[in-house]
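Q:
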Amino acid sequence: MNITYKTNKEDVNWQEVSEVLKRLGLSNHPAWEQEIIFKNSYAVVFAYDDERIVGVARALSDGVCQAAIYNVALDDEYQGHGIGRTLIETLLEQVKGQNVILYTHPRTVHLYEKFGFRRSKTAMCMFQGSEEKLEWMSEQGFLLPKDFRFADEYGRKDMQYQAPERGE
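Residue numbers (this note's numbering): 3 to 170.
1) So, under 8 Å CB-CB, Leu-23 and Gln-36 are touching, yes? Tell me the CB distance rounded to an integer number of Å.
2) Per DSSP, Thr-6 is paired with what?
3) For a test of the three-state rule: what should DSSP assign to Ser-63, helix, strand or coil?
4) For Ala-33, which residues of its own chain have a beta-carbon under 6 Å away from its beta-carbon, when the five flanking residues on both sides are left out?
5) Where does Leu-146 land, buried or exposed, given buried means 16+ other C-beta within 10 angstroms?
6) Taking Leu-89 as part of the alpha helix (DSSP H), name the residues at either end of that continuous run.
7) Could you tell me which residues DSSP pairs with Tyr-44 in its beta bridges?
8) Out of curiosity, what's the CA-to-CA distance linking Met-3 and Asp-51?
9) Distance, Cα to Cα, Gly-157 vs Lys-148?
10) When you compare each of Lys-135, Leu-94 and Cys-127 to Ala-61 by their alpha carbons, which one comes out closest?
11) Assign Phe-48 to buried or exposed, taking buried as 16 or more other Cβ atoms, counted over all protein chains shown, within 10 Å of its Cβ.
12) Taking C-alpha atoms, which residue in Arg-121, Lys-41 and Phe-144 lies nearest to Met-128?
13) In terms of DSSP beta bridges, what is Gln-68 paired with?
14) Name the residue from Val-58, Ser-140, Gly-131 and Lys-123 whose alpha carbon lies nearest to the alpha carbon of Ala-153.
15) Just how far apart, CA to CA, sit His-83 and Ser-43?
Shown next, in the form of structure tokens:
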């Protein structure tokens, strides 16, 4: 393995980016859409084995205080060699000093905890897609059941929506 990392968006083989993300089940967007997605991202990192892209990661950010990490992907045969760790560390360095949120697969939560990420009780998401896709996401553990509440939230007034009173 001859692994190198690149943090700019010039001369990227977007077809390889698309293929890495498809192989790992993270995205089905074609190469031309991946180019738009990554070029519109604040921070990127690509892992190369010689000239071939084997890993990718990106972050959105306001450049000051808030960032969000997406699309961290590394081909299976390269996992376990510290390459994924370098992808994440390189991306985090680009958003240093900012609050960072992360959307990940339930099976990789433990990995990100090693970097200091913590689960958030109040994170919310809204996904576009078919009912079948949303059902799959629920079955995989990405989404909690609709109207789910944690045990310590029951009975708390601040956890219940109350319509504002209307003055007459």
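Think of the CB as a built atom: it goes at the ideal place given N, C-alpha and C, for glycine as much as any other residue.
A: From the atom records:
1) 7 Å
2) Tyr-50
3) strand
4) Trp-16, Gln-17 and Ser-20
5) exposed
6) 85 to 96
7) Tyr-44 pairs with nothing; no bridge assigned.
8) 6 Å
9) The straight-line gap from Cα to Cα measures roughly 18 Å.
10) Leu-94
11) buried
12) Phe-144
13) Asn-101
14) Lys-123
15) The straight-line gap from Cα to Cα measures roughly 26 Å.
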